[in-house]
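> Numbering (the numbering used here), first residue to last: 134 to 276. Note that the Cβ used here is the ideal one computed from N, Cα and C, for glycine as well. Since the structure is predicted, the reported quantities are computational estimates derived from the model, not experimental observations.
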C-alpha cells in the first residue's frame, strides 16, 4: 500500500523524533505511535504498555523510525547556517554551535532572530528526507 504522507504526519513524526522518541507508523492507516528512547529506565512501563502491546502484536504493520543521532541533528543545524545569506546572522549561529550545549544555544539564537519560520521549514524538509530514507524502514516516497 502506498500510504499518502501528509505534512501533518511529517510534523508529528519530526516533533516526536526531536523529543527522543522512536516512531512506529502504521503502514495501513498512517497512525503514528511513539515511545521515548530509554523509556524503560526512567518511566513506569505501565504508561506505555498498551502502545507496546499494539506494536508487538502487529509488528509487520509498522515502519520504525528512530531518532537522529546527535551528530546528524547537529549537521542539520550546520547545514542551515551554511544556507544563510546574511553572514552576520550566520556567524552568530555558528558561534552558538561552538559553545557548551550547542543545541540549546542554537535554539535560543533562532528564537531571538527573525529566522524561526525559515528554520522550521528547513528542519521539516531535512527531517522529511531523513524519515523517508531511514535505512531499515523509511516511509515510502509520495510518488
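Check residue 150 in the structure and name its three-state DSSP category.
Taking the first residue of the chain shown as 1, we reach residue 150 at position 17. Here residue 150 sits in helix by DSSP.
> Do the region 240 to 260 and the region 196 to 213 meet, that is, are 3 or more Cβ pairs less than 8 Å apart?
The region 240 to 260, when compared against the region 196 to 213, does touch it at the 8 Å Cβ threshold.
> Rounded to a whole number of angstroms, what is the C-alpha to C-alpha distance between residue 161 and residue 201?
For the purposes of this step, residue 161 is taken as the residue at position 28 of the chain shown. For the purposes of this step, residue 201 is taken as the residue at position 68 of the chain shown. Going from the Cα of residue 161 to the Cα of residue 201 covers about 24 Å.
> Kindly give me the distance between the Cβ atoms of residue 146 and residue 166, rounded to whole angstroms, as I take these residues to be in contact under 8 Å.
If you number the chain shown from 1, residue 146 lands on position 13. If you number the chain shown from 1, residue 166 lands on position 33. With a Cβ gap of about 11 Å, residue 146 and residue 166 do not count as contacting.
> Report the three-state DSSP secondary structure of residue 167 (helix, strand or coil).
The residue you call residue 167 lines up with position 34 of the chain shown. It is a strand residue.
> Roughly how many angstroms lie between the CA atoms of residue 154 and residue 194, to the nearest whole one?
Counted from its first residue, the chain shown places residue 154 at position 21. Counted from its first residue, the chain shown places residue 194 at position 61. If you take the alpha carbons of residue 154 and residue 194, they lie about 19 Å apart.
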